[in-house]
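Heads up, the thing below is written out as structure tokens.
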Amino acid sequence: MMRMRNLLFMILLWLVTATGAWADNMVSILTTEGAPRTEVTVSISLDNTDMVSSLQVTIPVDDNLTVVEGSGLPTSRCPDHTVAVSKVDGQIQVYIYSLSMACFSGSSDVVATFKLKLGDMPGYYDLTPSK
């Protein structure tokens with residue numbers, strides 16, 4: 004009987020540990036719109052269950068979109084962080100980091116913004132982070 008209790012306890016402990024190991028941390032890009040040849044602000048949102056101190060987001064984009072240099076800004080969720088944004092080989096790279104390893108506050112909201120300059124061609128451009 005004692006052996007059965009130990010086995011049940013171990014299974015229960017494993018289940019509790021295993022379910023906590025698969026936390027849901029989701030990055031999304033909020034919808035924005037603008038006219039050709041204007042600048043738009045792109046917002047990166049993070050819904051997290053884990054403590055997060057830095058984030059890298061890669062977004063494949065069309066050649067019609069250009070990153071506005073120096074436009075990356077942190078929000079109130081991560082005021083001690085730096086936001087670096089660049090476009091390389093058709094992909095926008097966003098790095099949000101803290102030299103002090105400070106964690107983002109809260110668990111759901113925008114963590115950074117940056118600006119894109121729209122080209123001459125009107126259209127719909129999907130800004131979905133790659134996995």
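Residue numbers (my numbering): 4 to 134.
A virtual CB, placed ideally from N, CA and C, is assigned to each residue, including glycine.
Buried versus exposed call for residue i [16 or more other C-beta atoms within 10 Å across all chains shown]
{"i": "R40", "result": "exposed"}
{"i": "N28", "result": "exposed"}
{"i": "P82", "result": "exposed"}
{"i": "V60", "result": "buried"}
{"i": "L49", "result": "buried"}
{"i": "G75", "result": "buried"}
{"i": "P125", "result": "exposed"}
Bridge-paired residues (DSSP) for residue i
{"i": "Y100", "result": "T85"}
{"i": "M29", "result": "D50"}
{"i": "P2", "result": "Past the edges of the chain, shown from 4 to 134, lies residue 2, and the structure says nothing about it."}
{"i": "F117", "result": "V45"}
{"i": "V70", "result": "L119"}
Inter-residue Cα distance where the pair is residue i and residue j
{"i": "L68", "j": "A115", "result": "18 Å"}
{"i": "D112", "j": "R80", "result": "8 Å"}
{"i": "A87", "j": "V45", "result": "14 Å"}
{"i": "E72", "j": "S110", "result": "28 Å"}
{"i": "K90", "j": "T78", "result": "21 Å"}
{"i": "D65", "j": "G93", "result": "7 Å"}
Contacts around residue i, its chain only, beta-carbon distance under 8 Å, and the 5 residues preceding and following it disregarded
{"i": "V43", "result": "T35, E36, G37, K118, L119, L121"}
{"i": "S56", "result": "Y100, S101, M104, A105, C106, F107"}
Near the ligand NAD: residue i beta-carbon under 7 Å from a heavy atom
{"i": "A105", "result": "For the structure depicted, the ligand NAD is absent and the ligand set is empty, with no information on it obtainable."}
Contact set for residue i: own chain, Cβ-Cβ below 7 Å, skip 5 residues either direction
{"i": "P132", "result": "V30, I32, V60, T61, I62"}
Cut-off 6 Å between Cβ atoms - residues of its own chain near residue i, not counting five sequence neighbours on either side
{"i": "V97", "result": "V60, V88"}
{"i": "L130", "result": "I32, I62"}
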